[in-house]
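Numbering (our numbering), first residue to last: 383 to 556.
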Amino acid sequence: MKITVNTRNVEKIISKLDLTPKQVAQVSKLASNRVINMTKTDMKRKTREKYTAKAAEIAGSMSVIKSPIGGIIKSSGTPLPLTAFKLNPAKVGRTKKKLTASIKKGGLKPISKGFLIQKGAFQRKTDKRYPIKLLHGPSSPQMLGGQSILDDIEEKVMENMEKRITHEIERILK
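Right, dumping it as structure tokens:
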């Protein structure tokens with residue numbers, strides 16, 4: 383995902399205020415760093431609105447690389463185990479309850495021949511005891527990369543950047 387920020391309005395404001403180049407650099411650095419942190423939080427929040435993944439699993443896959451004029455939010459990882467999502471029964475134990483899971487919000491769905499042990503949620507491939515396979519959901523980058531999530535985030539980044547630059551300019555001029 384690449385988000386660009388329209389800085390024409392900001393350049394007009396800065397030129398009218400007669401800020402020194404050092405102050406301009408400071409304003410852009412502080413504003414962009416704050417907006418990157420806000421964007422990361424918004425991305426996690428928007429993803430959790432759509433998916434039942436645990437926040438720690440999503441946050442663990444994200445990293446931020448900051449620079450004086452911007453930054454990068456990067457998400458990498460493999461498919462998350464089904465235990466990172468909503469399960470019923472949620473804990474390991476002897477129960478006759480059928481294993482159900484929900485990856486997207488909207489209700490639990492049964493997993494045929496599914497069971498839960500300490501190492502995760504598994505499913506038998508046949509009626510026999512073995513072979514079994516570990517069940518996975520989507521990876522964090524797949525969840526974060528949804529178009530609806532990116533569209534919402536892009537709008538919010540533009541708003542936040544304008545607010546933060548205005549705030550930082552006011553702070554420096556005091």
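All residues carry an ideal CB built from backbone N, CA and C; glycine is no exception.
Who are the Cβ neighbours of residue i in its own chain at under 7 Å, not counting the five residues just before and after it?
{"i": "Ile418", "result": "Val446, Lys448, Gly453 and Ile455"}
{"i": "Met420", "result": "Asn542"}
{"i": "Lys562", "result": "This structure leaves residue 562 out entirely; the chain is present only between 383 and 556."}
{"i": "Thr477", "result": "Pro471"}
Going by other Cβ atoms of all chains shown within 10 Å of its Cβ, with 16 needed for buried, is residue i buried or exposed?
{"i": "Thr508", "result": "exposed"}
{"i": "Ala472", "result": "exposed"}
{"i": "Lys426", "result": "buried"}
{"i": "Lys428", "result": "buried"}
{"i": "Thr423", "result": "exposed"}
{"i": "Val474", "result": "exposed"}
{"i": "Gly519", "result": "buried"}
Measure how close the beta-carbons of residue i and residue j come, nearest whole angstrom, since I'm counting them as under 8 Å.
{"i": "Thr482", "j": "Ile499", "result": "Actually they are not in contact, since the Cβ atoms of Thr482 and Ile499 sit about 16 Å apart, beyond 8 Å."}
{"i": "Lys495", "j": "Lys432", "result": "Actually they do not touch by this definition, with Cβ atoms about 28 Å apart."}
{"i": "Gly502", "j": "Pro461", "result": "In fact, because the Cβ distance is near 12 Å, the residues do not count as touching under 8 Å."}
{"i": "Gln405", "j": "Ile531", "result": "That belief does not hold up - the Cβ atoms of Gln405 and Ile531 are roughly 35 Å apart, past 8 Å."}
{"i": "Glu550", "j": "Ala413", "result": "5 Å"}
Report all residues from its chain with a CB closer than 8 Å to the CB of residue i; omit the five preceding and five following residues, and keep chain order.
{"i": "Gln505", "result": "Ile493, Ser494, Lys495, Gly496, Phe497, Ile514, Lys515 and Leu517"}
{"i": "Pro523", "result": "Ser443, Ser457, Ser458 and Gly459"}
{"i": "Ala407", "result": "Pro450"}
{"i": "Val409", "result": "Ile396, Leu401, Ile547, Glu550, Ile551 and Ile554"}
In its own chain, which residues sit with a C-beta less than 6 Å from the C-beta of residue i, not counting the 5 before and 5 after it?
{"i": "Met364", "result": "A question about residue 364 goes unanswered here, because the residues of the chain that appear run from 383 up to 556."}
{"i": "Leu490", "result": "Asn470, Thr482 and Ser484"}
Inter-stretch contact (C-beta, 8 Å, three-pair minimum) for the stretch 420–436 and the stretch 455–475: yes
What are the uninterrupted segments assigned as beta strand (DSSP E) that are 3 or more residues long and contained completely in the stretch 477–548, given in chain order? 482–484, 496–499, 502–506 and 514–516
Write down every uninterrupted run of the alpha helix (DSSP H) in the stretch 414–488 whose length is 4 residues or greater and which is fully enclosed by it, in chain order. 437–442
How do the stretch 546–553 and the stretch 523–537 stand: do at least 3 beta-carbon pairs fall below 8 Å, yes or no? no
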